[in-house]
Amino acid sequence: MKKVFHVITELETGGAEWMLVKLVSASDRRKVSHSVVSMTGEDSLGKCIKEAGIPLFTLGMKRGRPSLRSLIRFVRILKKEKPDVLQTWLYHADLFGLIAGKLAGVRRIFWNVRCSDMEMTHYSRLSSWLVPILARLSSLPEMVIVNSEAGREQHILRGYSPKSWRVIFNGFDLEEFRPDEGAKSKLCGELGVPPDSVLAGMIARYDPMKGHAGFLQSAGLVGKKYPEVHFVLAGKGVTLENAELRRNIEHLSLEGRFHLLGERGDIPALMPGFDFLCLPSVFGEGFSNVIGEGMACGVPCVATDVGDSKHIVGETGRIMSPGDPAALAEAMGEFVVMGAEGRRKLGEAARRRVGDLFNLPAVVTEYERIYAEG
């Protein structure tokens, strides 16, 4: 049995964090013994990890503030626990884990890249320095795992030259994410909208990469043409307390048509209630969890051609160029016009595609195979 330690910056509800939770929870514990290290605290997903019986260590770092004390503590943990593999997740953890792992004498260190063409100018100066530094150090880990072909290609262009690349797509639990005929009626009741409304969903944290501004422009065009459409947005920072988001919605003059749900813990129950799902990202996506989850729920998706979204959706939805609100609005309009039966057929094809290509057990098996090597 291999002993694997995973280190991640934080355990908030992002795509990488959820994939880590799914991996350690679904893995065969006769083959792999997992432990998770959060550089910060337990955050919202720490409870999920502990409930799955996975050891969790927290280092108490402040986000964006390097800590020598935390590094020394992590080195001591690694020397005591002696993992066979140190698996890092996301840029900050890649650098932190590489330093700690080398100091502790961990032989096999794997990085895990979860994005594609990130525009780091939108983030802190420290974050913008990370990618060039990591590119120079990329020959030191034993392997760089990426969750998308686009991510591998973009990081090669940025100077990454690892010993080995491995592409492992995200995986989805088809029992957790599945169609629910009663979900839409329940969601319409929660929102206080007519049951024959068309619900266009967008689930994404409020972040420059996710394209909320473009989505609102598209929604404005769609909303004026199709009065039955309501727009349901969920994610961290997607609330009326977000002054920028609120102003942009008010500017559209579509009162009562936008529903801001904030961060939700019931995504598998919420998502089947949508008539279609939108992800209008403008950069940075690797392999979108939310697209795969929506498709698994039998919900057709319209997304921008960022990362591997085109490969994920295939012929089961619509793919548009990023930064083109008019084209996105046209695609959304197609979903409205095709009616419930047309959307249902696309959704069924989408769920089959996830089952064929992105099933969670196959993804977990691939990670286990890598950990068992060497």
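Note that the working numbering has the sequence shown beginning at 21, numbered continuously upward. Glycine residues also receive a C-beta, built at the ideal position from the N, C-alpha and C atoms.
- In the DSSP assignment, R338 falls within the beta strand (DSSP E) that extends over R338 to M340.
- For C68, the three-state secondary structure derived from DSSP is helix.
- Spanning the alpha carbons of R50 and V383 requires a straight line of approximately 17 Å.
- Counting along the chain, M59 sits inside no beta strand (DSSP E), nor does DSSP assign it H or E at all.
- Nearest neighbour of A392 by Cα position, chosen from L106, G35 and V133, turns out to be L106.
- The secondary-structure analysis by DSSP pairs V164 across a beta bridge with W131 and W185.
- Burial of M163 is indicated by the presence of at least 16 other C-beta atoms within 10 angstroms of its C-beta.
- Looking at the DSSP output, A370 bridges to nothing.
- Around the beta carbon of G375, fewer than 16 other beta carbons sit within 10 angstroms, so the residue counts as exposed.
- Per DSSP, W38 has no beta bridge partner at all.
- A straight-line Cα-Cα distance of about 19 Å links M340 and G243.
- Excluding its 5 nearest sequence neighbours in each direction, Y226 has C-beta neighbours in its own chain below 7 Å: H232, G255, K256, G257, V258, N262 and L265, listed in chain order.
- Per DSSP, reduced to three states, the secondary structure at T78 is strand.
- DSSP places G221 in the uninterrupted beta strand (DSSP E) bounded by V218 to I223.
- T324 and P342 have their C-alpha atoms spaced approximately 5 Å apart.
- About 5 Å separates the beta carbon of I188 from that of E386, a gap short enough to meet the 8 Å contact definition.
- For W38, the number of other beta carbons within 10 angstroms of its own is at least 16, and it is reported as buried.
- When beta bridges are read from the DSSP output, F25 appears opposite S55 and L106.
- A distance below 7 Å between beta-carbons, with the five flanking residues on each side excluded, links S158 to the following residues of its chain, in chain order: V164, Y180, S181 and P182.
- Closest option to R83, judged by alpha-carbon separation, among S47, T29 and R134: T29.
- Contact between R371 and A289 fails: their C-beta atoms lie close to 16 Å from each other, not under 8 Å.
- Taking every protein chain shown into account, the CB of M352 has 16 or more other CB atoms within 10 angstroms, so this residue is buried.
- Distances from the CA of C135 to each of P345, S329, V357 and A369 were compared; the closest alpha carbon is that of S329.
- Here L98 is near V126, since their CB atoms are less than 7 Å apart.
- For T259, there is no enclosing alpha helix (DSSP H), since its DSSP letter is neither H nor E.
- Each residue's CA atom was taken as its position, placing P161 and S58 some 20 Å apart.
- Under DSSP, V249 shares a beta bridge with V218.
- Assignment of V326 by DSSP, reduced to helix, strand and coil, places it in the coil class.
- As a beta-bridge residue in DSSP terms, F296 pairs with A220.
- Pairwise C-beta distances place the region 118–125 in contact with the region 77–96, as three or more of them are shorter than 8 Å.
- Take the alpha-carbon of S205 and the one of P215: they are about 6 Å apart.
- Per DSSP, L280 is one residue of the beta strand (DSSP E) stretching across F278 to L280.
- In this structure, the alpha-carbon of V151 lies about 11 Å from that of L110.
- Nearest neighbour of K42 by Cα position, chosen from G191, Y246 and V326, turns out to be G191.
- With respect to P320, L272 sits apart: the two C-beta atoms are not nearer than 7 Å.
- Looking at the DSSP output, C317 sits in no beta bridge, so it has no partner there.
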